[in-house]
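Converting from the first sequence to the numbering used here requires adding 145 to each position, the first position being numbered 1. Using N, Cα and C, we set each Cβ at its ideal position, and we do this for glycine too. Model, not experiment: these values are computed from the prediction. These notes are about the structure you will find just below.
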Amino acid sequence: MPHHRKTDNKDFFTRVYEVTKLIPYGRVTSYGAIARYLGTGRSARMVGWAMNASHTSSIFIPAHRVVNRNGFLTGKHHFGNTKTMQQLLENEGIIVENDQIVNFSEKFWDPATELK
DNA sequence: ATTCTGACAGCAA
DNA sequence: TTTGCTGCCAGAA
Numbered sequence: 146m147p148h149h150r151k152t153d154n155k156d157f158f159t160r161v162y163e164v165t166k167l168i169p170y171g172r173v174t175s176y177g178a179i180a181r182y183l184g185t186g187r188s189a190r191m192v193g194w195a196m197n198a199s200h201t202s203s204i205f206i207p208a209h210r211v212v213n214r215n216g217f218l219t220g221k222h223h224f225g226n227t228k229t230m231q232q233l234l235e236n237e238g239i240i241v242e243n244d245q246i247v248n249f250s251e252k253f254w255d256p257a258t259e260l261k
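Listed below in structure tokens is the structure:
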């Protein structure tokens, strides 16, 4: 990919969504893990941007399954209600205490090792 | 064209 | 252990 234009930017968001959609029900991953899987390991913040934009997408993107590297629900304020993200996770059997996922290592799904 | 901003992550203190 | 700073880089407050 020699060039990097607007269409490519859109591809980045699309690629982020593609990976996000593959996160299994009841599992979670991190912004950085998605970034690394896409080969842009230093663009974790951009993954956050993509999650923010995903809410306006007509396609369902399970953005609630993306948390920070320590399992904290750092994106909770970007859902309609402050409690929404946690509720969505709890609906999938994930336990959240003090904005952090319990047994995070067991729930963690790393695209780099799970996808081939 | 320029500047500002973050749903992060890593590391220095 | 915890906090604070810095690099990051695509969008647009």
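(1) Helix, strand or coil for GLU259 per DSSP?
(2) I'd like to know whether the C-beta atoms of GLY171 and GLY238 end up nearer to each other than 8 Å.
(3) Tell me the residue span of the alpha helix (DSSP H) that contains TYR176.
(4) Measuring CB atoms only, is the segment 203-219 touching the segment 245-254, in the sense that at least three cross pairs come out at less than 8 Å?
(5) Out of ASN226, VAL241 and TYR176, which has the shortest C-alpha to C-alpha gap to ASN196?
(6) For MET191, which of THR201, ILE179 and HIS200 has the nearest alpha-carbon?
(7) Do SER188 and TYR162 come within 8 Å of each other at the CB atom, strictly closer than that value?
This is what the structure gives:
(1) What you label residue 259 is simply residue 114 of the first sequence in a count that begins at 1. DSSP places GLU259 in helix when its eight states are reduced to three.
(2) As a working mapping, residue 171 is identified with position 26 in the first sequence. As a working mapping, residue 238 is identified with position 93 in the first sequence. Yes, the pair counts as a contact, with Cβ atoms nearer than the cut-off.
(3) Locating residue 176 in the first sequence gives position 31, counting from the first residue. Per DSSP, TYR176 belongs to the alpha helix (DSSP H) from 176-182.
(4) Segments in contact, yes.
(5) Position 51 of the first sequence, counted from the first residue, corresponds to residue 196. Here the sequence assigns Met to residue 196, which means Asn is not the residue at that position. Residue TYR176 is the option with its Cα nearest to MET196.
(6) One-based indexing of the first sequence puts residue 191 at position 46. Nearest of THR201, ILE179 and HIS200 to MET191, Cα basis: ILE179.
(7) Walking along the first sequence from the start, residue 162 turns up at place 17. Walking along the first sequence from the start, residue 188 turns up at place 43. Cβ distance not < 8 Å, so TYR162 and SER188 don't count as in contact.
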